[in-house]
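The structure appears below as structure tokens.
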Amino acid sequence: MSDRYVDFVNSGVGQSLARSVGLPQPVKLRRYEHGIDFIDGDCLV
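Residue numbers for the sequence shown follow the numbering used here, so the first one is 3 and each next one is one higher.
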């Protein structure tokens with residue numbers, strides 16, 4: 003799903019419209035940012 007769709011569905015008007023027509027409501031995913039740890043917490047490899 004494109005970021006524009008996610009932004010629209012997570013907005014106030016878009017959220018109510020998406021619920022009324024039964025569209026999926028995706029969550030906003032975290033994106034990698036330079037200088038931020040890739041994994042928060044512990045990791046078992």
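We put the beta carbon where it would ideally sit given N, CA and C, even for glycine.
Quick one, are the C-beta atoms of Gln17 and Val23 less than 8 Å apart? Your numbering for residue 17 matches position 15 in the sequence shown. Your numbering for residue 23 matches position 21 in the sequence shown. It is not a contact, given that the beta carbons lie outside the stated cut-off.
In three-state DSSP terms, what is Gln17? Counting from one through the sequence shown, the residue named residue 17 turns up at place 15. Correct three-state label for Gln17: helix.
Can you give me the Cβ contacts of Lys30 inside the same chain, cut-off strictly under 7 Å, excluding the 5 residues immediately before and after it? By one-based count along the sequence shown, residue 30 stands at place 28. Close CB contacts of Lys30 within its chain, under the 7 Å cut and outside five residues either way in sequence, are with Val8, Asn12 (chain order).
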